[in-house]
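J.:
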Amino acid sequence: MRRKKPVDLITKAFHFIGMNNTLTIEDYLKANHASGVSSDVVEGQNLRLTRWMDELNKLLVNVRAWLDELKLAGPVVYYEQAAHISEEVYGSYDAPQLKIFFGREQVLLRPVGTDVFGGLGRIDLVGKNMAVAVVMRQWGIWEILQREYAGTGQLMRNNYRLFDRAAFKEVVVLLLVD
Amino acid sequence: MSSWSSEILPLDSVLEYYSVQRDALIDFQAAILNAFTSGTIHAFERFASLTRDEIFELFINYRLELERSVIFFLLATIEAEIRLHFQKKRSRGREFRALRAKGRSSRVSDILKAWAAQSPDARE
Numbered sequence: 003m004r005r006k007k008p009v010d011l012i013t014k015a016f017h018f019i020g021m022n023n024t025l026t027i028e029d030y031l032k033a034n035h036a037s038g039v040s041s042d043v044v045e046g047q048n049l050r051l052t053r054w055m056d057e058l059n060k061l062l063v064n065v066r067a068w069l070d071e072l073k074l075a076g077p078v079v080y081y082e083q084a085a086h087i088s089e090e091v092y093g094s095y096d097a098p099q100l101k102i103f104f105g106r107e108q109v110l111l112r113p114v115g116t117d118v119f120g121g122l123g124r125i126d127l128v129g130k131n132m133a134v135a136v137v138m139r140q141w142g143i144w145e146i147l148q149r150e151y152a153g154t155g156q157l158m159r160n161n162y163r164l165f166d167r168a169a170f171k172e173v174v175v176l177l178l179v180d
Numbered sequence: 363m364s365s366w367s368s369e370i371l372p373l374d375s376v377l378e379y380y381s382v383q384r385d386a387l388i389d390f391q392a393a394i395l396n397a398f399t400s401g402t403i404h405a406f407e408r409f410a411s412l413t414r415d416e417i418f419e420l421f422i423n424y425r426l427e428l429e430r431s432v433i434f435f436l437l438a439t440i441e442a443e444i445r446l447h448f449q450k451k452r453s454r455g456r457e458f459r460a461l462r463a464k465g466r467s468s469r470v471s472d473i474l475k476a477w478a479a480q481s482p483d484a485r486e
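For the protein sequence lines, the chains are A and B, in the order given.
Its first residue numbered 3, the first sequence is counted upward by one per residue in this note's numbering.
Its first residue numbered 363, the second sequence is counted upward by one per residue in this note's numbering.
(1) A/E45 touches chain B at which residues, Cβ-Cβ below 9 Å?
(2) Just the Cα atoms here: how many angstroms apart are A/R159 and B/F458?
(3) Would DSSP call A/G115 helix, strand or coil?
(4) Output the boundary residues of the alpha helix (DSSP H) element that contains A/G123.
(5) DSSP three-state label for A/D42, please.
(6) Would DSSP call A/P77 helix, strand or coil?
(7) Applying a beta-carbon distance threshold of less than 8 Å, which residues of chain A neighbour B/A393?
(8) Check the Cβ of B/L412 against every Cβ in chain A and list those closer than 7 Å, keeping chain order.
(9) Does the separation of the CB atoms of A/L122 and A/W141 fall below 8 Å?
(10) Between which residues of its own chain and A/V173 is the CB-CB distance below 7 Å, once the five residues before and five after are set aside?
(11) Quick check: is the beta carbon of B/I403 nearer than 8 Å to any beta carbon in chain A?
(12) Using C-beta distances below 7 Å, list every residue in its chain close to A/L157, excluding the 5 sequence neighbours before and after it, in chain order.
(13) Short of 6 Å in beta carbon distance, which residues of its chain neighbour B/D380, apart from the five on each side in sequence? Order them along the chain.
(14) Would the region 96-111 of chain A and the region 387-398 of chain B be scored as touching if the rule is three or more Cβ pairs under 8 Å?
(15) Can you list the residues of chain A that B/R408 reaches, using a CB-CB cut of under 7 Å?
(16) Count the other CB atoms within 10 Å of the CB of B/V382; is the residue buried (16 or more) or exposed (fewer)?
(17) Exposed or buried, A/E89, counting other C-beta atoms within 10 Å across all chains shown (16 or more means buried)?
(18) Could you name the residues of chain A that B/I417 contacts, counting a contact when the two beta carbons are closer than 8 Å?
(19) Can you give me the start and stop residues for the beta strand (DSSP E) that B/S431 sits inside?
(20) Could you tell me the boundaries of the beta strand (DSSP E) in which A/S94 lies?
(21) Report yes if the CB atom of B/S417 is closer than 8 Å to the CB atom of B/A410, and no otherwise.
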């Protein structure tokens with residue numbers, strides 16, 4: 003009886019992931035020639051990063067205006083700083099963040115990044131005891147993410163509320179007193 | 363080989379449970395990271411707005427939680443095995459009989475100490 007040729011583990015693994023071990027890097031590059039060169043990908047990533055930074059800067063312009071209005075009501079001071087962000091896909095870069103003082107209490111507006119699950123970017127408003135996530139699911143539209151849980155602790159749904167002046171003021175109160 | 367090793371089926375079950383759960387966790391993590399690019403995020407609302415690093419961190423925590431519970435199961439199973447085996451043994455000494463009389467209130471460390479103090483022949 004003729005014995006079957008034993009299949010080694012590496013061959014099995016290549017078959018498992020849809021490759022065979024006769025494939026060379028040259029074959030791979032020939033097969034992917036039509037899909038373009040990496041500069042397209044890098045260009046796309048740079049565009050995304052530029053757009054994210056633009057939207058972030060626009061948001062900060064709005065927040066500064068809301069804070070300047072609040073200065074009329076009491077002691078509000080803010081400082082702009084650079085936050086260092088490191089993202090797997092987009093690399094490392096600096097983005098602006100705001101350190102805001104309401105009296106002696108501090109709230110930090112911290113950019114998180116653009117590579118977020120189901121979104122185009124996220125900032126966090128961080129208070130003494132909690133943080134609120136503000137996400138951008140469409141370019142230029144920032145929303146507060148509120149997670150709604152069942153009594154068992156299981157997530158029921160995510161609610162999104164437009165992040166405008168009224169919402170910002172409510173969130174700040176929540177961060178300062180909670 | 364003592365009869366001890368032939369009675370470790372429950373320990374194997376705990377380890378089997380661990381390996382199935384761990385594999386499920388690895389598959390789940392892979393599905394989520396794939397959804398980053400495929401856009402099928404609606405299936406994973408719980409992870410909305412999280413960064414890749416935050417998702418990795420969550421899964422590390424899930425895994426630690428799983429490992430902690432498995433360690434607890436393992437210890438509980440080992441303790442149950444020790445007590446079962448101890449109850450089945452014919453007693454040789456006064457210390458053994460006293461421990462058996464205490465039932466569940468006897469400490470596992472005392473059982474093992476009494477066991478170790480016996481002669482190798484008696485331990486088999």
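Each residue gets a CB set at the ideal place from its N, CA and C atoms; glycine is no exception.
T.: Answer, in terms of the structure:
(1) Residue numbering aside, residue 45 of chain A sits at position 43 when the first sequence is read from its first letter. Simply none; closest approach about 18 Å.
(2) Mapped onto the first sequence, residue 159 of chain A falls at position 157. Mapped onto the second sequence, residue 458 of chain B falls at position 96. For A/R159 and B/F458, the gap between their C-alpha atoms comes out near 58 Å.
(3) Numbered from its first residue, the first sequence carries residue 115 of chain A at position 113. Reduced to three states, the DSSP call for A/G115 is strand.
(4) As a working note, residue 123 of chain A is residue 121 in the first sequence. DSSP places A/G123 in no alpha helix (DSSP H) but in the uninterrupted beta strand (DSSP E) bounded by G123 to V128.
(5) What you label residue 42 of chain A is simply residue 40 of the first sequence in a count that begins at 1. Three-state result, A/D42: helix.
(6) Start at 1 with the first residue of the first sequence, and residue 77 of chain A comes out as number 75. Coil at A/P77, not helix or strand.
(7) Locating residue 393 of chain B in the second sequence gives position 31, counting from the first residue. For B/A393, none of the residues of chain A pass the 8 Å Cβ criterion, the least Cβ distance being about 12 Å.
(8) Translated into the one-based positions of the second sequence, residue 412 of chain B becomes position 50. Listed along chain A are V118 and F119, each with a C-beta nearer than 7 Å to that of B/L412.
(9) As a working mapping, residue 122 of chain A is identified with position 120 in the first sequence. As a working mapping, residue 141 of chain A is identified with position 139 in the first sequence. Contact check for A/L122 against A/W141 passes: the beta carbons are separated by less than 8 Å.
(10) Locating residue 173 of chain A in the first sequence gives position 171, counting from the first residue. Same-chain partners within the cutoff: L127, V134 and I146.
(11) Numbered from its first residue, the second sequence carries residue 403 of chain B at position 41. Interface residue, yes.
(12) Here residue 157 of chain A refers to the residue found at position 155 when the first sequence is read from its first residue. Closer than 7 Å at the Cβ level, and outside the excluded window around A/L157, lie R149 and Y151.
(13) Counting from one through the second sequence, the residue named residue 380 of chain B turns up at place 18. The amino acid occupying residue 380 of chain B in the given sequence is Tyr; Asp does not appear at that position. Result list for B/Y380: V432, in chain order.
(14) Between the region 96-111 of chain A and the region 387-398 of chain B, the count of Cβ pairs shorter than 8 Å is below three; the stretches do not touch.
(15) Residue numbering aside, residue 408 of chain B sits at position 46 when the second sequence is read from its first letter. Residues of chain A passing the Cβ test: L157.
(16) Taking the second sequence and counting its residues from 1, the one referred to as residue 382 of chain B is at position 20. Burial is judged here by how many other beta carbons sit within 10 angstroms of a residue's own beta carbon; B/V382 has fewer than 16 and is exposed.
(17) Numbered from 1 along the first sequence, position 87 holds the residue referred to as residue 89 of chain A. Under this definition A/E89 is a buried residue.
(18) Working through the second sequence from its first residue, we reach residue 417 of chain B at position 55. Residues of chain A passing the Cβ test: F119.
(19) Numbered from 1 along the second sequence, position 69 holds the residue referred to as residue 431 of chain B. Run containing B/S431: none in the beta strand (DSSP E); it sits in the alpha helix (DSSP H), R414 to K450.
(20) Reading the first sequence from its first residue, position 92 is the one you call residue 94 of chain A. Going by DSSP, A/S94 is part of the beta strand (DSSP E) stretching over G93 to F104.
(21) To locate residue 417 of chain B, count along the second sequence from 1; it is residue 55. To locate residue 410 of chain B, count along the second sequence from 1; it is residue 48. Inspection of the sequence shows that residue 417 of chain B is occupied by Ile rather than by Ser. Not a contact, by the Cβ cut-off of 8 Å.
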